[in-house]
DNA sequence: GAACCCATGTAAGTTGTTACATGATTGA
DNA sequence: TCAATCATGTAACAACTTACATGGGTTC
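Protein chains in written order, with full-length UniProt numbering: chain A, 1 to 195; chain B, 1 to 195.
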């Protein structure tokens, strides 16, 4: 259900083609909501049939026509409604933790591998998030710049602040995972080699 | 794909009925991997047809027959194989963050509501996790007791330790989310009421 | 006798993944 | 010319949700 609204949200900044949406959902917004192009294209057509977006062919650079989608009034209204609604948190499904729970028959080496991979994974994410945060703050984040451009200066603090907050949330999460993995590795060492 | 292995993992502790598995996947294991009974029953039959588990009717208390599933050798082998494999981390899909990103047109009150709900949600989770952790450490966690019973005493430290680690991971995550939500609320206040 | 827990299921629908397809343009 | 990127799609499948069904037993 959320892809629909993630798309509407994205289009509330500026009209965008399916292709560019797909790119962003694999990159910047992908850090909050990933979706593949095979899911995005049909969803956009569905949104159009619902009257929440309209589309038009743009043929700026000739030979490469794009279908660009823009939010309608009804689309904007439905987005606002969704935003006001409280989130319903999805159930937890964490394969990493499940493995850890049952890894007690495996060699300690395997457990260590898992935990290092976990740390590495979140270190990589953290690096990206930190870069994005710097770009947000320096005002060189393209989507944010576009969003600010259509809004009064008095709101800029809030608009930027919310994006910064969202990113900081991801950063806090990544750091928690890294710290946990490090503690876990240290514990494993002490367990393996007692005194 | 992971439900299959979560079930095998669970059955590696002791034979269990579909009903009890469904209960646990909504409760204790549910804190790592949730699944509904409508997903579990068919999956168990599929596992049986693959020869990874076998089942038998147990009719201890008469009038209430249960089908109990037990792991086969092949099931145990496939579980071990899966456990050795590195996790592939699923893409991020975080409706809460998406909302926050686009809430910059909503009244500040709505944003505050979202953040408090977020904090409350993770406070509730944290309370449960902390209780489970105490039970794990006190040795009154039923599944853990059963698992320890079939294993040599020399391994008990590792077996318990891994469950404790997994729980501590959830605890760290919940705490990170709570701290973040509190920072966010404080920032919102300062933004709303400058100086 | 009503309401609830036990125990297991079906069926329809939604969401997301994977594999494949196509044709055009750009750069090395 | 070969590979990569642009731009859009279809089709089959896997995972998960929601709603409904059923029949026994227990408790108030």
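Where is the CB? At the ideal position from N, CA and C, for every residue including glycine. Model, not experiment: these values are computed from the prediction.
Please list, in chain order, all residues of the same chain as residue i whose beta carbon is under 8 Å from its beta carbon, the five residues on each side excluded.
i             : result
residue 51/A  : 72, 74, 75
residue 151/B : 159
residue 192/A : 108
residue 114/B : 96, 99, 100, 103
residue 182/A : 119
With distances taken between CB atoms, is the gap from residue i to residue j smaller than 7 Å?
i             : j             : result
residue 148/A : residue 166/B : no
residue 104/B : residue 162/A : yes
residue 8/A   : residue 79/A  : yes
residue 119/B : residue 178/B : yes
residue 18/B  : residue 47/B  : no
residue 32/B  : residue 97/A  : yes
residue 27/B  : residue 146/B : no
residue 86/A  : residue 117/B : yes
residue 34/A  : residue 91/B  : yes
residue 84/A  : residue 110/B : yes
residue 21/A  : residue 40/A  : yes
Which bits of chain B does residue i rub up against, with CB to CB less than 7 Å?
i             : result
residue 178/A : Chain B residues near residue 178/A: none, gap ~10 Å exceeds 7 Å.
residue 159/A : 104
residue 110/A : 84
If the cut is a Cβ gap below 8 Å, which residues of chain A does residue i touch?
i            : result
residue 34/B : 91, 92, 93
Mind checking residue i: buried by the 16 CB within 10 Å criterion, or exposed?
i             : result
residue 184/A : buried
residue 89/A  : exposed
residue 131/A : exposed
residue 38/B  : exposed
residue 169/A : buried
residue 94/B  : buried
residue 53/B  : buried
residue 77/A  : exposed
residue 189/A : exposed
residue 24/B  : buried
residue 154/B : exposed
residue 186/B : exposed
Anything in chain B within Cβ reach of residue i, meaning under 8 Å, just list it in chain order.
i             : result
residue 117/A : 86, 87
residue 2/A   : 93, 95, 98
residue 121/A : 89
residue 162/A : 100, 101, 103, 104, 111
Check the Cβ of residue i against every Cβ in chain A and list those closer than 9 Å, keeping chain order.
i             : result
residue 51/B  : Ordered by position in chain A, no residue passes the 9 Å Cβ test against residue 51/B, which lies about 20 Å from the chain.
residue 9/B   : 98, 99, 101, 102
residue 12/B  : 102, 105
residue 146/B : Here the premise fails: no neighbours, minimum Cβ distance about 13 Å.
residue 80/B  : 105, 106
List the residues of chain B that residue i touches, going by C-beta distances under 9 Å, in chain order.
i             : result
residue 168/A : 180, 183, 184
residue 191/A : 157, 158, 161
residue 172/A : 176, 177, 179, 180, 183
Taking 7 Å as the limit between beta carbons, can you name the residues of its chain near residue i, skipping five residues before and five after?
i            : result
residue 55/B : 48, 67, 68, 69
Within a Cβ cutoff of 6 Å, which residues of the same chain sit near residue i, ignoring the five residues on either side of it in sequence?
i             : result
residue 126/A : 174
residue 122/A : 174, 177, 178
residue 58/B  : 66, 68
residue 164/A : 136
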